[in-house]
Structure formats: structure tokens, C-alpha cells
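Student: Quick one: the structure is below, and I'll ask about it shortly.
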């Protein structure tokens, strides 16, 4: 199968009509119109087989997740998704795998009316690079450098599920299991959180004009909140007892495992943001009605760094502050 | 070395100030302002080590070429370069290689005032995906689907040099050599064309409002002109004797080798375009004064497909119509 057929296969499954796509796939470049009064938000992320996902992961899940992690970056800016380009490197031209990949990609693209406007398929070790484009009024963008001392710190949804899902995929997992049937459903819900994360686009939009600083939790809560603190020249304190946990996480893992996964497990793609505490009740209700609420988990302080304490106020040691490639 | 240091290393070497970059590297997404009255031209290309360049290629040349091939797509649309995002996958964190890569990238970026606005570095087999962004007034964009029967076909610069450079790198090359000294300089000029191609940005801009259809020669002249013909529902005839050849190509290779490299050798990154013959003399002078002229090589006809004939009018068989990944 030739390169051009692969692109056509993906294009056909991802066809979404948008008036602002003046020229789509098939020329040297796409031609795209950005609405007046908005700036373009652009982000790029690569997933490499064997590093970011297991070689055996289904094409559908890879397609979904590649788009989800990129859309999550737009969510964290408060941007509306519009377009993406896809660079797909494949060891061989496996049409069935590509079709499955395209279906997973297209399912999420349709949900957010995102158009695939360009791409490149090359032969090599499996990897996917997406560049996503969205719109946001410049002054409404949710940046990392806007946290202020005294802000409350919030997080959407629940934390730790993706890290727990990864352990569930590992057959050596020592998760406590109450009954096999319940545990199986719960394990599946955690694995789904790992493999098909939901980008918090609606929540990012709802936070325009309300949140100050915002980031998505990809490397782990402490690491990502640390990025906000560094960019804003502040520090943060987190109350471990306030971290939102799913019933599955709570049921299958003990307190120590939960703490590690909630603080340092990446891949949750929830939004972590800061906002003045005043009026929070008002817009927290709005957020809850978007389908995914937020929980207050701590506060912004002057002293640099991120510190965690338990409900009794005792400091919690952080074993592993998010993962990095090329860790030294 | 951590991922964040690699990004910082590249960012520091590629720092180019642009007013339209409202927020650059370091947040979840860059924030970018597109000028009123222009559309965004977006293109993405991946280079994989061992496929698109030899594993032993210097970092500088990889950085240069990765940007050059992407800018070439903007040139072929008649667009002005503005921004790029870079996804760099590396087997290990080799700071010296990355610094060399960034220097090659930055040298070309500075020439075209292109700002690096985002990126992702991951661990894995060496590969580079760039997404470039430029501006063009919508009606002035040079598309593939605008060729008309009776148009003349032109190409900028010279053809076949990159393919010849590849043969020069191959120690089994059978190139005819007049004297060692001359041949060495000539070989180096051909290798430079392969490793550090010049994107024809100025020529693309000069062709706005003058050329009808345009494409860059990346897969080979016959293959790329074929894309114009397919998109425009026309055909083309090329006169082999009119194809522009560099002195080095002419001196080092015989007629058969030259024909194959000029017709089917990719990687030249010249612009192939169609235009009405009337007034061509006028703007061909303009183009020549931009530092790289264009040569008329054939014409657009009704019958589909691309045909080549020699100066006597005899048909020339095309051995290899451009290369494809995953060739069937």
C-alpha cells in the first residue's frame, strides 16, 4: 500500500466539514482561516511505541489517545479545538491497523469537531506526532504564569486512575480485590482512563475568566503543579486528604499506593488550576453541570516548591515527582 | 539530561523575536496571532534516520534539512514563513548532537525569521517531525489544482543535483571524473544540495499572482508534476533537453544518469509551476533577480499523465517515477 493510500484511508474516516478549512489534505500545505478577535493556540506531542504505549496496544486506543493528549493541552489553555496535522510513522503498511487507528482518532475528532488538515506517513518504528490548533481570545487564555499567592488550587475529575490502570494491565499487580466480578469492572474502568482519556475541553472553556493559572496533569500532579509554581514564582500546598479518587481506585488500592498514584502518576489529563476562593462555589456548580466537576485540593503560597500534607497536617514525602524522559 | 533541558537548549539557540508570538515555548500551547487578511498555511513532514537520512548524518545537516523540506512546502504555496513546532525523538540525550542540530535549524530559521514556538522531545529511534506555519492572502495561494491546458511548465534552479549528491556519498559511484580536484569541488556542491537544500521562499512569493499551479520537487519531477496534473485534471509534456542542469551534474554524470536523476531523483526542493506563456519574460526576469531563476521545461496538455520527449521529439521511457514509502 502506497503512502498516498494510507493518507486517503485516514482522511476518509476523519472527514469533518469546517468552513474555516479553505484547503485541506492534498496540497503542499493546508489553508486555514483563524476567526477575527482570536489567537491561535498550537501544541504538539509525540507518542512512541514501547515508551508511551505498549507495542500491543490496539490501533483504536493509540489513535484516540494520541489526539486526547494533544487536545488536553488545548483544554489547559481554555482553547476551542479546530484542526490537527498527523505525522504517522509505521514499521509496515498495515491497512487494518491504520483503519483501526483512524477510527479511534475520528471518534474523538468528531466529538470536538476537529478537522484533520494535513499529514505525513513514513516508514520506521511506530510513532505518532500530532500538532493541534485551537482558538482562544488572547486575554482569556489560561496560562501557567498567572497563579497568585492566596489562590485556591483545584483539580477536575479524579486523580490516579491512569496510573492505577497501568498497574491493572501488569499481571503482577497486587491490588486488593474484594470480589472478582466487581474488581474486573473496576479494573476495566481504570484501564479505560489510561487508554481513552477524556480531554477536559468543556471545563477549560468554562474556566475562561474564572481560573488564573491552568495546566493539564500529564506528568503527575506534583510535577505539573510545580510547573505552574515555577512559571508564576510561587509555591503550593496540597492536602492529600482532599485529592479526588474514583471508587475503583479507592476499592482496589491501599492508601500508600493511592497516594503515590494520585501525586505522581501521570496520564490523567485532568486540569489543575488556581483561582481566587471567592465566588468559587458559583462557578464550581457550572463546572459540575459540564459533566465533570472540580475539587479544591490546596492553595498557592509564597514559599517556592510544592508541599503535600495529610489531613493531620503532617508532611507527606513525595517518592517520585512525575516522570521525565532522559531522566538524569 | 532531562527533557526540559533539551527543549531549553534548542529554544535558546533558536530565539527569534516576533510580535505575533504572544506566548512561546513553555506553556501547554503557544498563542499566535495571524495577520488580518491572510490565511494560515500549515504543513508537516517527518524525517526518519535510516530512511530519509543516513544515521551518520551530522546533527547540523539534519536540523537544516528538516526545516528546509518543511519550508519548501510553504514556498510551494506562495506563503511567508512564520512559526514552527518541533517534535524530536532521540535514542539518548546527546547534548552535543542536539546543540549541532539546533544550530543547523537556527541558521535557516534566522534566514526566514521563523520562530520555534513549541515542541516535544521523546526517547526513541531518531526522527524529527516539524509543523510549519506561514501566511498567504487566500486568493494568492499557489495550489496544485489550478493548472490550465496551454500553460507553460517551469522549474526553478537546477534539477537532479540532490540525487547526484546521494550517489557521490556512495563510495561505489561510477561518476566520470575529469580531474580529482575539480571533481572533488563538484561533488561537494552536489552533496551540499542534498544535505542543505534552499527552500525557494522568495521565488514562491514572487510567483504570487503569476503562477497558476505550483508544487515543490521532493519526490521527483515526473511524480510531482503528476500531482499537479491529477489535481488539475490535465496532463503535461516535458522536453528532456530543456531541463536545467548544474555544471557539476553535467560534468560528473553521463546523459542517461542525468536523465534519470533529473526526472525521478527527489530531494531537489525546486518549485515546479505552471503559468500562461504570455508575459512570462517579464516576471522571469524578476525571478532571476531574486537569486534563483526559472526555466521553461514543457507544457500542460489535455491528455492525462506526464510524458517526456527528447530534443528530437522521441518519447523517453521513465524508469522510476519518484519514490514512495511502502511501495507496493
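Chains as they are written, first to last, in this note's numbering: chain A, -12 to 315; chain B, -12 to 315. Just so it is clear, CB atoms sit at the ideal spot from N, CA and C, and this is done for glycine as well. Just so we're clear, the structure is a prediction, and the values are computed from it rather than from any experiment.
Is the CB-CB distance between residue 287 of chain A and residue 261 of chain A below 8 angstroms?
Tutor: Closer than 8 angstroms, so yes.
Student: Quick one, which residues of the region 78 to 109 of chain A are near chain B if we go by CB-CB under 8 angstroms, in chain order?
Tutor: If the cut-off is 8 angstroms between Cβ atoms, the region 78 to 109 of chain A has 79, 80, 104, 105, 106, 107, 108, 109 near chain B.
Student: Which residues of chain B have a Cβ atom closer than 7 angstroms to the Cβ of residue 227 of chain A, listed in chain order?
Tutor: Per Cβ cutoff of 7 angstroms: no residues; residue 227 of chain A is ~25 angstroms from chain B at best.
Student: Where do the ends of the alpha helix (DSSP H) carrying residue 12 of chain B lie?
Tutor: No alpha helix (DSSP H) holds residue 12 of chain B; DSSP gives it neither H nor E.
Student: With burial defined as no fewer than 16 other Cβ atoms inside 10 Å of the residue's Cβ, what is the status of residue 180 of chain B: buried or exposed?
Tutor: Classification for residue 180 of chain B: buried.
Student: Restricting to Cα atoms, I'd like to know which of B:194, B:283, B:54 is closest to residue 123 of chain B.
Tutor: Of the candidates B:194, B:283, B:54, the one whose C-alpha sits nearest the C-alpha of residue 123 of chain B is B:194.
Student: Since residue 203 of chain A meets chain B, which of its residues come closer than 8 angstroms, beta carbon to beta carbon?
Tutor: The contacting residues are 15.
Student: What does the alpha-carbon distance come out to for the pair residue 302 of chain B and residue 241 of chain B?
Tutor: Those two C-alpha atoms are separated by around 19 angstroms.
Student: Secondary structure at residue 140 of chain B, three-state DSSP: helix, strand or coil?
Tutor: Residue state, collapsed to three classes: strand.
Student: Could you name each continuous beta strand (DSSP E) segment of 3 residues or more that falls completely within the region 210 to 280 of chain B, going from the start of the chain to the end?
Tutor: DSSP runs (the beta strand (DSSP E)) wholly in the region 210 to 280 of chain B: 222 to 226, 258 to 262.
Student: Residues of chain B with CB under 7 angstroms from residue 63 of chain A, in chain order?
Tutor: Here the neighbours are 15.
Student: Residue 68 of chain A and residue 11 of chain A - do their beta-carbons sit closer together than 8 angstroms?
Tutor: Not a contact, by the Cβ cut-off of 8 angstroms.
Student: Is the beta carbon of residue 48 of chain B closer than 8 angstroms to that of residue 182 of chain B?
Tutor: The answer is yes: Cβ separation under 8 angstroms.
Student: Which residue's Cα is closest to the Cα of residue 252 of chain B: B:263, B:236, B:107?
Tutor: It is B:236.
Student: DSSP three-state label for residue 123 of chain A, please.
Tutor: The answer is strand: DSSP assigns residue 123 of chain A an E or B state.
Student: Name the DSSP bridge partner or partners of residue 117 of chain B?
Tutor: Its beta-bridge partners are B:32, B:73.
Student: Can a CB atom of chain A be found closer than 8 angstroms to the CB of residue 257 of chain B?
Tutor: Not an interface residue.
Student: Just checking my contact of residue 34 of chain A with residue 115 of chain A at CB under 8 angstroms: how many whole Å lie between their CB atoms?
Tutor: Confirmed, Cβ separation roughly 5 angstroms.
Student: Tell me residue 286 of chain B's beta-bridge partners as DSSP assigns them.
Tutor: BP columns for residue 286 of chain B point to B:139, B:224.
Student: As a quick exercise: from B:109, B:45, B:113, B:111, pick the residue whose alpha carbon is nearest that of residue 87 of chain B.
Tutor: Taking only the C-alpha atoms, the option nearest residue 87 of chain B is B:45.
Student: Identify every residue that forms a DSSP beta bridge with residue 18 of chain A.
Tutor: A:10, B:28, per the DSSP bridge assignment.
Student: Does any CB atom of chain A fall closer than 8 angstroms to the CB of residue 283 of chain B?
Tutor: Closer than 8 angstroms: no.
Student: Assign residue 22 of chain B to one of two classes, buried (16 or more other C-beta atoms within 10 Å of its C-beta) or exposed (fewer than that).
Tutor: It is exposed - the Cβ of residue 22 of chain B has fewer than 16 other Cβ atoms within 10 Å.
Student: Buried or exposed: residue 57 of chain B, going by 16 or more other Cβ atoms within 10 Å of its Cβ?
Tutor: Buried.
Student: State the CB to CB distance for the pair residue 148 of chain A and residue 177 of chain A, rounded to an integer number of angstroms; the pair is presumed to be in contact (CB under 8 angstroms).
Tutor: The pair is a contact, with the Cβ atoms about 5 angstroms apart (cut-off 8 angstroms).
Student: Name the DSSP bridge partner or partners of residue 68 of chain A?
Tutor: Partner(s): A:121.
Student: Is it right to say residue 196 of chain A is buried, meaning 16 or more other beta carbons lie within 10 angstroms of its own, or is it exposed?
Tutor: That one is exposed.
Student: Can residue 112 of chain B and residue 112 of chain A be called in contact, C-beta distance under 8 angstroms?
Tutor: In this structure, residue 112 of chain A lies closer than 8 angstroms to residue 112 of chain B by Cβ.
Student: Grouping DSSP H, G and I as helix and E and B as strand, with all else coil, what is residue 42 of chain B?
Tutor: If DSSP states are grouped into helix, strand and coil, residue 42 of chain B belongs with coil.
Student: Can you check which of these residues, A:107, A:273, A:217, A:118, is closest to residue 101 of chain A by C-alpha distance?
Tutor: Taking only the C-alpha atoms, the option nearest residue 101 of chain A is A:118.
Student: Quick check on residue 184 of chain B - is its C-beta less than 8 angstroms from some C-beta in chain A?
Tutor: By this cut-off, residue 184 of chain B is not an interface position.
Student: Excluding the 5 residues flanking residue 160 of chain B on each side, which residues of the same chain have their C-beta closer than 8 angstroms to its C-beta?
Tutor: Here residue 160 of chain B scores only 47 on pLDDT, less than 50, and its place in the model is too uncertain to base an answer on.
Student: Cα-Cα, which of A:27, A:140, A:42 is closest to residue 70 of chain A?
Tutor: Residue A:27 is the option with its Cα nearest to residue 70 of chain A.
Student: Just to confirm the assignment, what range does the beta strand (DSSP E) spanning residue 190 of chain A have?
Tutor: No beta strand (DSSP E) contains residue 190 of chain A, which is instead part of the alpha helix (DSSP H) from 188 to 193.
Student: Below 6 angstroms CB to CB, which residues in the same chain sit around residue 338 of chain B once its five sequence neighbours on both sides are set aside?
Tutor: Because chain B spans -12 through 315 in this model, residue 338 of chain B falls outside it and cannot be assessed.
Student: Answer yes or no: does any C-beta atom of chain A fall closer than 8 angstroms to that of residue 303 of chain B?
Tutor: No, no contact with chain A.
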